[in-house]
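Numbering (this note's numbering), first residue to last: 20 to 108.
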């Protein structure tokens, strides 16, 4: 069994994270995940951070937007981290 270097493991982790999040987004966009579960979860999140909850017909769209935002934020932070470490070393 070949030894995998630390950067390769990190890259695999990032790819796995992105694949899982995209699959989760597809599952949420399709009727696989019950709308009631999404509505309850989104209601807790929106109540916690103090914003209004969306209309029931917009819940799936809002959850997909949250998932896409998480992907963009995490990938952006990782990109900035790689950039900063490359210019400092």
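Even glycine gets a Cβ: it sits at the ideal position worked out from N, Cα and C.
Exposure label - residue i; buried when at least 16 CB within 10 Å
i          : result
residue 25 : exposed
residue 82 : buried
residue 47 : buried
Residue i versus residue j: straight-line alpha-carbon distance, rounded
i           : j           : result
residue 100 : residue 108 : 12 Å
residue 41  : residue 84  : 11 Å
residue 74  : residue 102 : 40 Å
Supposed close pair residue i, residue j - CB separation, criterion 8 Å
i          : j          : result
residue 79 : residue 57 : 6 Å
Other residues of its chain near residue i: CB distance less than 6 Å, five sequence neighbours each side excluded
i          : result
residue 44 : 83 and 86
7 Å Cβ shell around residue i - same chain, five flanking residues per side excluded
i          : result
residue 33 : 97
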